[in-house]
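Peer 1:
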Amino acid sequence: MRKYLAIVRGTYMIGMIYRLGFLFTIAGNVIYLGVAYYLWKSIFKNSETLRGLTFDQTFLYVGLGSAIFILLKTYTDWFMNSEIRDGSIAMYLVKPVDIGTYFLATSFGSLLMNITIVSIPTILLLLFVFKVKFIIGIGLLLFPISLLIAFFISFFLDYFVGLVCFYSESVWGLSTTKDIIVTLLSGGLIPLQFFPTALQNILHWLPFQAIYHTPLTMITQPDQSVDVFLQMIFIQLVWAVLLFMATRLFYIQAIKTVRVAGG
Amino acid sequence: MRSLREYIRLYFMIEAQYIKGRMQYRSDFIISSVGMFFSSLATLGIFWVIFDTVPNLAGWSLMEMVFIYAFYMIAISPMQILFDHAWQLRYHVQQGTFLKYYFRPLNMMFYYMSEIFDLKGLTQLVTGIALLIYASIQLHIDWSLWRISLLFIALFSAALVQISIIVAASCAAFWVVNSYPVLGLAWKLREFSPYPMSIFDGAFRFTFTYVIPIGFVAFYPSQLFLRPQDVSSLVYFSPMIGVGLFAITYWIWTKGVNSYTGTGS
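Here the protein sequences line up with chains P and D, keeping their order.
According to this note's numbering, numbering within the first sequence proceeds without interruption in unit steps and concludes at 263.
According to this note's numbering, numbering within the second sequence proceeds without interruption in unit steps and concludes at 1265.
(1) Which whole-angstrom value describes the C-beta separation of residue 1212 of chain D and residue 1189 of chain D, a residue pair presumed to lie in contact below a C-beta threshold of 8 Å?
(2) Which chain D residues are close to residue 61 of chain P, counting only those with a beta carbon under 8 Å from its beta carbon?
(3) Who are the Cβ neighbours of residue 101 of chain P in its own chain at under 7 Å, not counting the five residues just before and after it?
(4) When you compare the CB of residue 1083 of chain D with every CB in chain P, is at least one pair closer than 7 Å?
(5) Here's a check: name, in chain order, each residue in its chain whose Cβ is nearer than 6 Å to the Cβ of residue 1037 of chain D, leaving out the five neighbours to either side.
(6) Can you tell which of P:200, P:219, P:229 and P:187 has its C-alpha closest to the C-alpha of residue 69 of chain P?
(7) For the 8 Å Cβ check, are there 3 or more pairs between the region 192–210 of chain P and the region 102–114 of chain P?
(8) On the criterion of 16 or more Cβ atoms from any shown chain inside 10 Å, does residue 263 of chain P qualify as buried, or is it exposed?
(9) Are the CB atoms of residue 212 of chain P and residue 113 of chain P nearer to each other than 7 Å?
(10) Counting Cβ pairs, one atom from each stretch, are 3 or more of them under 8 Å apart for the region 1090–1101 of chain D and the region 1237–1244 of chain D?
(11) Between residue 1045 of chain D and chain P, is any beta-carbon pair separated by less than 7 Å?
(12) Rounding to the nearest angstrom, what Cα-Cα distance links residue 167 of chain P and residue 1092 of chain D in this structure?
(13) Quick one: which unbroken alpha helix (DSSP H) runs of 4-plus residues sit fully inside the region 225–258 of chain P? Chain order, please.
(14) Are the C-beta atoms of residue 50 of chain P and some chain D residue less than 7 Å apart?
(15) For a cutoff of 7 Å on Cβ pairs, would you count residue 1052 of chain D as touching chain P?
(16) Residue 1235 of chain D versus chain P: which residues are under 9 Å apart at the beta carbon?
(17) Under a CB-based cut-off of 7 Å, is residue 1275 of chain D close to chain P?
(18) Can the beta-carbon of residue 146 of chain P be found closer than 7 Å to that of residue 72 of chain P?
(19) Identify the contact partners of residue 1021 of chain D in chain P, using a Cβ-Cβ distance below 8 Å as the criterion.
(20) Please confirm if residue 1245 of chain D has its CB atom under 7 Å from at least one CB of chain P.
(21) I want to verify the contact list: residues of chain D whose CB lies under 8 Å from the CB of residue 43 of chain P, in sequence order.
(22) Output the distance between the C-alpha atoms of residue 27 of chain P and residue 15 of chain P, rounded to the nearest integer angstrom.
(23) On the DSSP bridge assignment, give the partners of residue 54 of chain P in chain order.
(24) State the DSSP-derived secondary structure class of residue 1175 of chain D, mapped to helix, strand or coil.
(25) What are the residues that DSSP puts in a beta bridge with residue 1057 of chain D?
(26) Below 8 Å on the Cβ atoms is my contact criterion, and I expect residue 1192 of chain D with residue 35 of chain P to pass it. Report the Cβ-Cβ distance as a whole number of Å.
(27) I need the DSSP call for residue 1195 of chain D, collapsed to helix, strand or coil.
(28) Is residue 139 of chain P near residue 207 of chain P, with beta carbons less than 7 Å apart?
(29) Cutting at 7 Å between CB atoms, please list the residues of its own chain near residue 1244 of chain D, excluding the five before and the five after it.
(30) On the premise that residue 235 of chain P lies in contact with residue 210 of chain P, defined as a C-beta separation below 8 Å, what is that separation, rounded to the nearest angstrom?
(31) Which residues in the same chain have their Cβ closer than 6 Å to the Cβ of residue 1215 of chain D, if we skip the five residues on either side of it in sequence?
(32) Just reading off the alpha helix (DSSP H) that residue 213 of chain P is part of, what are its end residues?
(33) According to DSSP, simplified to helix, strand and coil, what is residue 1160 of chain D?
(34) Locate the alpha helix (DSSP H) running through residue 200 of chain P, then write down its first and last residues.
(35) Any idea what DSSP makes of residue 1143 of chain D, helix, strand or coil?
(36) DSSP three-state label for residue 3 of chain P, please.
In structure tokens:
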């Protein structure tokens, strides 16, 4: 455990070096927030509520969604691909670390770094520039737990695609397709409430909604009963465990195919 | 100085070799094309979901949005297909491999960009053309010879605007080495160009029209075909905007190339 904590800390520190980059990431997010603000303002032009959400709730969902998006995007599949390609993946095999846990630790390090540098400024912006009103409710307390499980689900999906790189050298297409499917079908871009009902019913049976929709619902509609939220967290946990087992089984298979020449 | 004809001939020769090389990785081509297909339709997916709730967006119907979106897909394709090497500029600058481009008797931007011909971008181009035909049939746009030539001019200019923004962003590598954050921002802005500029006001509309003119990649030029009666005179300047922006970008590139001294690695 201690060695992985050192990795978490290391990633956090490395990330802090590139501060100039964050200015652009924050600028990008501010522009995105502005575009989302005007877009939803014009959608809500003639109505107080749409699909059970007010403008404030929708904008909070979308705005916070963009902040969470930066947190939960681990890029593990992209890193693994480049390390499999140049052979440096072999270095992990000779070290006394577990590859999956190693990447989990680095992803967690960048999660912490992104909370400090991108998410907190975004939340402050939402509060003080866009003056979004939060509704007070039990959901707000459960939000951090839900976000943490969402991180695990997102990581396992990325790691799974990363493992596919052992078999295919074409990660661009795979990862891009995965990213689009995850962000669109998880509520990362549009609240799931706005999807056609038939599609919503299907989406609730997929793991993607557990990444963005669940934590965002806890923030935007926190005044529901505890049972509703506990059930949501339970579903998240089920997905996290299922995906964890899937990556373990896949890893045992995939690692057998590794052939590193030189490196 | 070589003539334009010679450059075109050279370009075809370089790309023919490049494509032959890429053909070794057929499955990569197929998977990447699928990825390109999905990623290029993402914003259209947002519009589709929005129009399930509201009948129009700032007065624009779903089919009009499809037209604007198709225009956007075609307009960004030349950037994707011909200028994709811009993304690697930061590696070449960092590793010092950029030095080799100084030693050929060719225009450096030409030589650098010709090294990659992004095959997967063709998927986007073809999807865009198909959507544009579909939307213009649905919208009963009648294509006279004049309008078709106008379409080509408008697309050419819009493509130049997009190319200029991305190449200029990648040039940041000459000064700060890691241009990824700048490029990432420019890339993100690209996604906003099919939104109706009329939903924005104040600083945002000003920025998207005059500062980083992404409005000219899709929304403004497509008005020429969707609602020719209420086009502002600004739109007729768009061909000049494309050429002008590219000239500025080329100037930035030349500045960068001349000031680059390597990173010592």
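We treat Cβ as the ideally placed atom computed from N, Cα and C, and that holds for glycine.
Peer 2: To lay it out plainly:
(1) Between residue 1212 of chain D and residue 1189 of chain D a beta carbon distance of about 6 Å is seen, short of the 8 Å cut, so the two are scored as contacting.
(2) What residue 61 of chain P touches in chain D: nothing, since even the nearest Cβ is about 13 Å away.
(3) So the qualifying residues of the chain are 4.
(4) For residue 1083 of chain D, no CB of chain P lies under 7 Å from its own CB, so it is not counted at the interface with that chain.
(5) The answer, listed in chain order, is 1123.
(6) Minimum Cα distance to residue 69 of chain P is reached at P:187.
(7) The answer is no - the region 102–114 of chain P does not touch the region 192–210 of chain P, with fewer than three Cβ pairs under 8 Å.
(8) Summary for residue 263 of chain P: the model assigns pLDDT 43, below 50, so the residue's position carries little reliability; its value from the coordinates is reported in the next sentence. Only exposed fits residue 263 of chain P, as fewer than 16 other CB atoms lie within 10 angstroms of its CB.
(9) By the CB criterion at 7 Å, residue 212 of chain P and residue 113 of chain P fall outside the cutoff.
(10) Counting C-beta pairs closer than 8 Å gives fewer than three between the region 1090–1101 of chain D and the region 1237–1244 of chain D, which falls short of the contact rule.
(11) Yes, because at least one Cβ of chain P sits closer than 7 Å to the Cβ of residue 1045 of chain D.
(12) Between residue 167 of chain P and residue 1092 of chain D, the alpha-carbon positions lie close to 28 Å from each other.
(13) Correct list: 226–254.
(14) By this cut-off, residue 50 of chain P is an interface position.
(15) Chain P, which has a Cβ nearer than 7 Å to the Cβ of residue 1052 of chain D, makes this yes.
(16) Correct list: empty, because the minimum Cβ distance to chain P is about 21 Å.
(17) For chain D, the structure presents residues 1001 to 1265; residue 1275 of chain D sits outside this window and is missing.
(18) Result no, Cβ atoms of residue 146 of chain P and residue 72 of chain P do not sit closer than 7 Å.
(19) Going along chain P, no residue has its Cβ under 8 Å from residue 1021 of chain D, so there is no contact; the nearest lies around 14 Å.
(20) Not a single CB atom of chain P sits nearer than 7 Å to the CB of residue 1245 of chain D.
(21) Chain D residues near residue 43 of chain P: 1050, 1053, 1054 and 1057.
(22) One C-alpha to the other measures close to 18 Å.
(23) Per DSSP, P:49.
(24) Here DSSP, grouped into helix, strand and coil, assigns residue 1175 of chain D to helix.
(25) According to DSSP, residue pairing for residue 1057 of chain D in a beta bridge involves D:1060.
(26) That pair is a contact at about 5 Å.
(27) In this structure, residue 1195 of chain D counts as coil in the three-state DSSP scheme.
(28) Not a contact, by the Cβ cut-off of 7 Å.
(29) Nothing meets the Cβ criterion.
(30) In this structure residue 210 of chain P touches residue 235 of chain P by the C-beta definition: roughly 6 Å separates them, less than 8 Å.
(31) Excluding residues within five positions, the ones whose Cβ falls inside 6 Å are 1197, 1208 and 1209.
(32) That run of the alpha helix (DSSP H) goes 213–220.
(33) Reduced to three states, the DSSP call for residue 1160 of chain D is helix.
(34) Note, residue 200 of chain P: alpha helix (DSSP H), 197–203.
(35) In the structure shown, residue 1143 of chain D sits in coil (DSSP, three-state: anything other than H, G, I, E or B).
(36) In the structure shown, residue 3 of chain P sits in a helix (DSSP, three-state: H, G or I).
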